[in-house]
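In terms of the numbering used here, the sequence shown opens at residue 42 and continues consecutively. C-beta atoms are modelled at their ideal positions from N, C-alpha and C, and glycine is treated no differently. Quick caveat: nothing in here was measured; it's all calculated off a predicted structure. One structure is given here, and the rest of the page talks about it.
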Amino acid sequence: MIAIDTHCHIGKSQNTSTGRITGDELIAGMDRYGITAAIVLPLPSVEDYAREHDDIARLHDRYPTRIFGCVCIPPRVGEAAVRRETRRCVDELGFVGIKFHPMHHGGSPMSPQGDLIFTVAQEFQLPVMSHTGPGAPWSLPSMLIPAARKYPNVTFIAAHSGMEIYAEDAYVAASECPNILLDSAWTSPGRTEWLIRMLGASRMMMSTDLPTNNSTEMAKWKDLPISDADRAESLHHLPVRVFKLDQRGFVPPAAAR
């Protein structure tokens with residue numbers, strides 16, 4: 042089974058006294074639980090985002106068919122800096138997405154901060170992950186609807202699908218806007234299956250968020266009462282399309298081809 046983790050982190054959060062998530066820890070967890078490839082981004086509270094981007098790029102250099110970077114820049118640094126660092130990440134480092142986090146980036150998806158990230162995403166043809174769940178009302182999935190309508194050519198990912206408590210709100214957002222997708226970290230098996238049943242497998246991807254969630258997510262996806270074709274769509278084919286991984290060096294394992 043090919044399983045692409047569409048949202049995970051390395052680095053150290055400024056909001057915790059615990060240690061850094063290292064690249065070696067990430068790879069070890071992927072190997073242990075059968076995760077084929079991963080979209081990796083800095084934690085949203087970091088200050089030295091360029092250094093964190095460089096660390097992800099070095100991990101990609103070690104595992105070029107498995108690790109793919111995602112931009113995460115606090116909009117408060119200003120439009121010029123956001124655009125400059127995004128261009129570096131895309132053109133020089135080969136990154137495949139960009140992140141917006143309402144709580145850490147200072148506004149809802151309808152704020153100027155959100156609009157800056159979405160404008161840059163459109164310019165560089167990147168999908169946008171936007172945190173949903175804790176932090177409501179800014180982090181309600183439905184707050185993405187105006188942006189998804191304003192930027193119809195941008196793919197928006199309501200990360201965590203509202204994180205269980207707002208799963209129905211995630212359904213509303215995705216049903217209103219075909220360019221809003223969902224991911225599964227911290228959403229229960231029942232709600233994940235319900236969202237796939239209501240929206241289709243082409244609207245839901247697998248994510249872990251943190252290495253400690255690898256075992257839970259992989260067990261959840263293996264046991265979901267969905268067809269093998271739907272499982273392959275959510276875990277493999279959809280993320281390849283969304284992040285254009287076939288253009289960035291992703292090669293499925295020989296045993297899966």
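For residue j and residue i, the rounded distance between their alpha carbons
i: GLU133; j: HIS142; result: 24 angstroms
i: MET259; j: GLY75; result: 8 angstroms
i: ILE43; j: GLU205; result: 25 angstroms
i: ALA211; j: ALA189; result: 13 angstroms
i: PRO168; j: CYS130; result: 14 angstroms
i: LEU279; j: ARG244; result: 8 angstroms
i: SER229; j: GLY241; result: 17 angstroms
i: PRO300; j: GLU93; result: With the chain covering only 42 through 298, there is no way to say anything about residue 300.
i: PHE284; j: PRO83; result: 17 angstroms
i: THR106; j: ARG282; result: 15 angstroms
i: HIS145; j: PRO85; result: 6 angstroms
Which of helix, strand or coil DSSP assigns to residue i
i: SER171; result: strand
i: HIS14; result: Residue 14 lies beyond the range of the chain shown here (42 to 298); nothing can be said about it.
i: ARG92; result: helix
i: ILE239; result: The amino acid occupying residue 239 in the given sequence is Met; Ile does not appear at that position. Three-state result, MET239: helix.
i: THR63; result: coil
i: MET71; result: helix
i: MET245; result: strand
i: LEU279; result: helix
Whole-number beta carbon distance between residue j and residue i, since they are thought to touch under 8 angstroms
i: GLY147; j: ARG117; result: 6 angstroms
i: ALA199; j: PRO182; result: 4 angstroms
Exposed unless 16 or more other CB atoms sit within 10 angstroms - verdict on residue i
i: ALA270; result: exposed
i: ARG298; result: Only weak support is given to the placement of ARG298: the predicted model assigns it a pLDDT of 47, under 50, and the question is left unresolved by the model.
i: SER202; result: buried
Residue i Cβ short of 8 angstroms to the ligand MG heavy atom set
i: ARG73; result: Ligands displayed in this structure: none; no statement on the ligand MG is therefore possible.
Identity of the residue in the options nearest residue i by Cα
i: THR196; options: GLU217, MET170, GLY176, ALA208; result: MET170
i: MET71; options: SER86, TYR90, ALA91, CYS49; result: CYS49
i: TRP227; options: SER256, VAL213, LEU67, ALA214; result: SER256
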